[in-house]
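Taking the numbering used here, the leading residue of the sequence shown gets 10, the next gets one more, and so forth.
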Amino acid sequence: MNYEEGQALTLRWLREAGLAAGAHVLDVGCGPGNLARLVFEQIGAGGRLVGIDQNEAYLAQARDQHAGRDATFLYADLAGDLPADIGTFDAIIGRRVLMYLPDPVATLRHLAVHLRPGGIVFFQEFILFDSPTMLPLHDRVRSWMVQMLAAEQASSQLGRHLPSLFLQAGLPAPVVRAEADVASPGQPDSLADRIRFVLPRLVEAGISAAEIDLDTLAPRLQAERDTLGQAWFGELAVAAWAKRGESG
10 MNYEEGQALT LRWLREAGLA AGAHVLDVGC GPGNLARLVF EQIGAGGRLV GIDQNEAYLA
70 QARDQHAGRD ATFLYADLAG DLPADIGTFD AIIGRRVLMY LPDPVATLRH LAVHLRPGGI
130 VFFQEFILFD SPTMLPLHDR VRSWMVQMLA AEQASSQLGR HLPSLFLQAG LPAPVVRAEA
190 DVASPGQPDS LADRIRFVLP RLVEAGISAA EIDLDTLAPR LQAERDTLGQ AWFGELAVAA
250 WAKRGESG
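Listed below in structure tokens is the structure:
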């Protein structure tokens, strides 16, 4: 699943969740503003967005990307209480953010305080498949990702826990959707591109660039699938959403 396919998948789920035109949205862990792009496709010019993140460089990128829109990007401690004056929202959303937080249940509880009656909580995470396969190079690439996430104190399995996290936080039982990233024999994949994107983080986690050999990785991965006739199931994107009762 390449970047464009991933964006299209999230947009499809946001639409199914009921994100409406004109909504006021809180984007949790907004990063450089890529999820906000999808949000504005749904909420339109009449909608508003507040993005929060702990990375000032990402916030600066988000401000540049969404200049001219009704969008505000603020520094906030995602693991703590939000500023009281941040207001309330029709939708609170996040993608690949709960996996980095020490207590995602507490974070969901803090966020729910800022959700209007009838509002939507939407989070997308993932599950990195962890069963050994008949594709040793693909398994090795996955081990690099696991090592990187462990070094960053992030979960590669958070998607498994989304329904229970919602319930523990006092939210309604969520609707859950999932879709697998699959690379088939004879077909290209996006795995090497992902490794390219996170290469500095992999090196920081202790994996050598020489071991990765990025320049030859994509053809080696495809050759392994083609030779062995095996499909690679890389990860499962998981989204969960719930609507707060009209009575609060």
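Virtual Cβ for every residue (Gly too), placed ideally from N, Cα, C.
Could you tell me if the beta carbon of P113 falls within a distance shorter than 8 Å of some heavy atom in the ligand SAH?
-> Absence of the ligand SAH is noted for the structure shown, with no ligands found whatsoever.
Quick one: what's got a C-beta closer than 7 Å to A32's C-beta in the same chain, skipping five residues either side?
-> These residues qualify, in order along the chain: I52, G56, D99 and A100.
Quick one: give me the first and last residue of the alpha helix (DSSP H) that E25 is part of.
-> Where E25 is concerned, the enclosing alpha helix (DSSP H) starts and stops at Y12 to A26.
Using the C-alpha atoms, what's the distance from G38 back to D94?
-> The alpha-carbon atoms of D94 and G38 are separated by roughly 18 Å.
Backbone CA spacing between L20 and Q70 [nearest angstrom] = Put simply, the backbone Cα of L20 is about 21 Å away from that of Q70.
Contact between the segment 117-133 and the segment 171-189: three or more CB pairs below 8 Å?
-> Taking 8 Å as the limit for Cβ pairs, the verdict is that the segment 171-189 does touch the segment 117-133.
Beta-carbon proximity check, L87 vs D62, cutoff 9 Å | Contact flag set, yes.
Residues that W153 bridges to, as DSSP identifies them | BP columns for W153 are empty, so no partner.
Express the C-alpha separation of A159 and R210 in angstroms, rounding to a whole number.
-> Cα to Cα, the separation comes out at about 11 Å.
Assign V212 to one of three DSSP states: helix, strand, or coil.
-> Helix, per DSSP.
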